[in-house]
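Residue numbers (our numbering): 1 to 124.
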């Protein structure tokens, strides 16, 4: 059975980009996470200790987004790695993990609703 926790459009102001001005002034970002794992037992027992706590996942996102980077891909990879590590520490096998970091106002000469980096991890 496939179970999923989703965190949608977490809004964060951060300082990422190749342009020094982006790292100085910062800009708006959103982060989406989808984590597929078996949480049936934690649901049956109504026990937060047996599942991935979305508050812990959002703490990881906030922490990694607070560290300036030139590439949103780098930030994305750090978020992904730390969520996988959280799962391992709790003995939870993550089957699939999607992390999307979206730069809302990229410095482009054309109008855009954002530029995203998406990483999908699959535990095969």
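Ideal Cβ positions, reconstructed from N, Cα and C, are used throughout, including at glycine. These numbers come from a predicted model, not from an experiment.
Asked                                                                                                   : Found
Three-state secondary structure assigned by DSSP to residue 95                                          : coil
Supposed contact pair residue 35 and residue 83 - C-beta distance, whole angstroms, cut 8 angstroms     : 7 angstroms
Sufficient close CB pairs (3 or more, under 8 angstroms) joining the segment 86-93 to the segment 35-44 : yes
Pair within 9 angstroms by beta-carbon distance, residue 103 and residue 61                             : no
Proximity below 9 angstroms, CB of residue 68 to CB of residue 23                                       : yes
Alpha-carbon spacing of residue 20 relative to residue 121, whole angstroms                             : 31 angstroms
6 angstroms Cβ shell around residue 27 - same chain, five flanking residues per side excluded           : 105
Alpha-carbon to alpha-carbon, residue 5 and residue 64                                                  : 20 angstroms
Residue 97 burial status per 10 Å Cβ neighbour count (16 or more: buried)                               : buried
Residues near residue 54 in its chain [Cβ-Cβ closer than 7 angstroms; skip 5 each side]                 : 5, 7
Those residues which DSSP pairs with residue 72 across a bridge                                         : According to DSSP, which records beta bridges pairwise, residue 72 is partnered with nothing at all.
Collapsed DSSP secondary structure at residue 108 in the structure displayed                            : coil
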